[in-house]
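Heads up: the sequence lines are chains A and B, in that order.
Per this note's numbering, the first sequence starts with residue 289, numbered consecutively.
Per this note's numbering, the second sequence starts with residue 500, numbered consecutively.
Heads up: the structure comes next, in structure tokens.
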Amino acid sequence: MASYIAKRFLTSIPTFVGVITLVFLVMRLIPGDPAILILGDSATAESVAALRAQMGLDQPILLQYWNYLVGVVSGDFGISIRTSRPVFSEVARLLPYTATLAVAGIAVGALLGITAGVIAALRRNSALDIVVSGIATVGVAMPVFTIGIILLVAFSYNLGWFPSIGAGDANSFSDRMRHLALPAIALGISSMSIIARMTRSSVLEILGLDYVRTARSKGLPARSITLKHVLKPSMIPVVTIIGLSFGRLMSGTVITETLFVRPGLGRLLIDSIYARDYPQVEATVAFFAVSFIVINLLVDLAYAALDPRIQYS
Amino acid sequence: MSGTKEGVTTMRDPDVRNESFFAVVVRKLRRNPIAIVCLVTLIVIAGAAIFAPYVAPADPNRPNLPARLSGPSAEHWFGTDHYGRDVLSRTIHGARVSLTVGIVAVAFGAAIGVVLGLLAGYVGGRVDTIVSRLIDTMLAFPLLLLALTLIVVLGSNVTNVILATGIATIPQFARVVRGSVLSVRELEYVHATRALGARGLRTVVKHVLPNVTAPIIVMATIYTANVIILEANLGFLGFGVQPPEASWGSIVNDGRRYLAQAPWVSVFPSIAITVTVLALNLFGDALRDAMDPRLRS
């Protein structure tokens, strides 16, 4: 197992290097001189030259790339044009908000999705199954902002149960939770649909296997069969789907943070794009992509815990 | 089910011995009520988009300030926005942009993705390594993030939104085609054509490509839905097409600041997106069932 982790980790390195290289190249393709974009058209030639030197833009591209790589390894992506603070400290400051939202979203999605999927599978072809499968199918087709808008209009503007914007008072746990509820549910419903569909088909497949029939025929109670013999093995593809839906979830955080005006990495990215704060955009995009690689790695490792048949060699 | 190994042909299915693949698929789709409902829905939406100037009750860009933010009524079925523009007319015209982006971007992404996938899967070796690394790298970006980054470079207008969303779908097509080619490449008939002297390119185009067409068509249907959502997300964030042009996502974005007073501005185009994407997804599922006999239980 340890050697598998090491090997899997090593195979992620080329993707990691590829991702940060792609971000570097794409950011250099932005038309126009970044220094002029920042200072405006009326800037003097001297001030443009000074800023170019400060940003390292007067160096050859390969040297710029090398400095960039060194910066990535040491966590130094440069200074934000908008806030004049190190871009990575902005990412670190806002990460807890986005991480909380993402974890809450996936928790809501997994809880609702697995419950709905298991119920639909155990009551196959019943009215309940049709309703659950119907909701899951429509849910997949809904953009996150649509779900968010419906929740916002219903539970915030009309019923007044939840606040509509912001992340709440940092010193009050209950206030933060009230602010987290709607964005997390919006993200959760979006993931729930896919998780429910996968859970349903996975549980159905396991229910049809011989060893489940054996467990039934030796008189084990249905509850114990479901919990002990069916649920655990049927979670393997579900974990894959939860892992894959992290990409969707990251895109979802950009949307929900914008809709609910919450601080976080998604909003940081959008605000930085609007402000043409390219060092910040570069760092934020790279951070998102690298987290995605790490999450996929963790998902791969989670299989081993769930399925002893999987041999890592 | 026998004789359908690798899911690449239905010709050995005893029911369908004398029909072409296309005829089999059409016959199976016609027996599927969900597929028919979805297809009719898509035709109606596409028809409304194509004939938007004749179907829309009003000019989508004509402001009418006295009637601003008025709710759904006999005159304005979907209400009006903050400039008093008719939301129904804007939604119908928005369909043109959203559908065009969906279809053209997927055609673009599929064309390049298929070529890359064929190359990587069939040629193998170093070409495969380079293409696979590129695919892995692009897939390491969440779809919205990749499209957003490309929009930053290209700038926002319809052509660039198509380019950005199209490029974002290339790795998905390339990966699926590569996988399909790897399984088809080792089938006996492909070995046989090579033994008969067919050269690489001819084998790929005449013998391998037709057998990976089914997964490509199914994927294109489902990815059209994904790109429509992607474009809507870009529009919602303000990076889609620019005014006066409007897509479903940008209309939702227009209504965002007025959600408390006038939710209809955002809600109706959101419904249009959901219905279109739902129809495309379900039709894609039906198409997959019709094209892949292994999945028919």
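Backbone N, C-alpha and C fix where the C-beta goes; we use that ideal spot for every residue, glycine too.
All figures in this text were calculated on a predicted structure; none of them were measured in a lab.
Below the 8 Å Cβ cutoff, chain A contributes Pro302, Thr303, Gly306 as neighbours of aspartate 635/B, in chain order. When CB distances to chain A are screened at a threshold of 7 Å, the residues of the region 760-777 of chain B falling below it are Pro762, Ser765, Val766, Ser769, Ile772, Thr773, Val776, Leu777, in chain order. When DSSP states are grouped into helix, strand and coil, isoleucine 318/A belongs to the coil group. Neighbourhood of isoleucine 453/A in chain B, by CB distance below 7 Å: empty, with the nearest CB roughly 11 Å away. Here the region 619-632 of chain B lies against the region 674-688 of chain B, with 3 or more beta-carbon pairs under 8 Å apart.
Across the set Thr434/A, Ile402/A, Ile301/A, the C-alpha of Thr434/A shows the shortest separation from the C-alpha of leucine 547/A. When Cβ-Cβ separations below 8 Å define contact, proline 714/B makes no contact with chain A. Leucine 389/A and proline 571/B have their alpha carbons spaced roughly 35 Å apart. Within 10 angstroms of the beta-carbon of glutamate 570/A lie 16 or more other beta-carbons, which makes it buried. Rounded to whole angstroms, the Cβ separation of threonine 541/A and leucine 475/A is 7 Å, and the two are in contact under 8 Å. If you draw a straight line from the Cα of alanine 442/A to the Cα of isoleucine 349/A, it is about 53 Å long.
In the DSSP assignment, histidine 467/A falls within the unbroken alpha helix (DSSP H) covering 461-495. Out of Tyr356/A, Ile293/A, Tyr385/A, the CA that lies nearest to the CA of arginine 316/A is found in Tyr356/A. Beta-bridge annotation (DSSP): aspartate 585/B is paired with Thr579/B.
For alanine 409/A, the enclosing alpha helix (DSSP H) stretches over residues 375-410. Excluding sequence positions up to five before and after serine 569/B, its CB lies within less than 7 Å of the CB of His575, Gly578, Thr579, all in the same chain and listed in chain order. In terms of beta-carbon proximity, isoleucine 483/A stays away from the interface with chain B, with every pair separated by 8 Å or more. In the three-state reduction of the DSSP assignment, isoleucine 453/A falls in the coil class, being assigned neither a helical nor a strand state. Excluding its 5 nearest sequence neighbours in each direction, leucine 638/B has C-beta neighbours in its own chain below 6 Å: Pro670, listed in chain order. The criterion of a C-beta distance shorter than 8 Å is not satisfied by serine 479/A and glycine 366/A. Taking a beta-carbon distance threshold of 8 Å, serine 362/A does not count as an interface residue toward chain B.
Annotation for leucine 662/B: the continuous alpha helix (DSSP H) segment containing it runs 657-684. If one requires a minimum length of 4 residues, the alpha helix (DSSP H) runs lying completely within the region 681-769 of chain B are 687-694, 708-735, 747-754, in chain order. With a 10 Å radius around the Cβ and a threshold of 16 neighbouring Cβ atoms, lysine 527/B comes out buried. One finds nothing in chain A with a Cβ atom closer than 9 Å to the Cβ of proline 532/B; even the nearest lies about 15 Å away.
Beta-bridge pairing by DSSP links isoleucine 611/B to no other residue.
By the C-beta criterion, the region 717-737 of chain B is judged not to be in contact with the region 542-558 of chain B, since fewer than 3 inter-stretch pairs fall below 8 Å. When rounded, the separation of the alpha-carbon atoms in leucine 400/A and alanine 408/A is 12 Å. Among the bridge pairs identified by DSSP, isoleucine 367/A is matched with Pro374/A. With a threshold of 16 other beta carbon atoms within 10 Å, threonine 572/A meets it and is buried. Cβ-Cβ distances below 6 Å link asparagine 732/B to Leu643 in the same chain, with the five nearest sequence neighbours on each side left out; the list follows chain order.
In the three-state reduction of the DSSP assignment, serine 519/B falls in the coil class, being assigned neither a helical nor a strand state.
Annotation: Cβ neighbours of arginine 632/B in chain A (cutoff 9 Å, chain order): Pro302, Thr303, Gly306. With respect to the 8 Å criterion, threonine 332/A and isoleucine 581/A are not classified as neighbours on the basis of their beta carbons. Residue range 551-554 is occupied by the alpha helix (DSSP H) that includes proline 552/B. If you draw a straight line from the Cα of tryptophan 763/B to the Cα of glycine 754/B, it is about 8 Å long.
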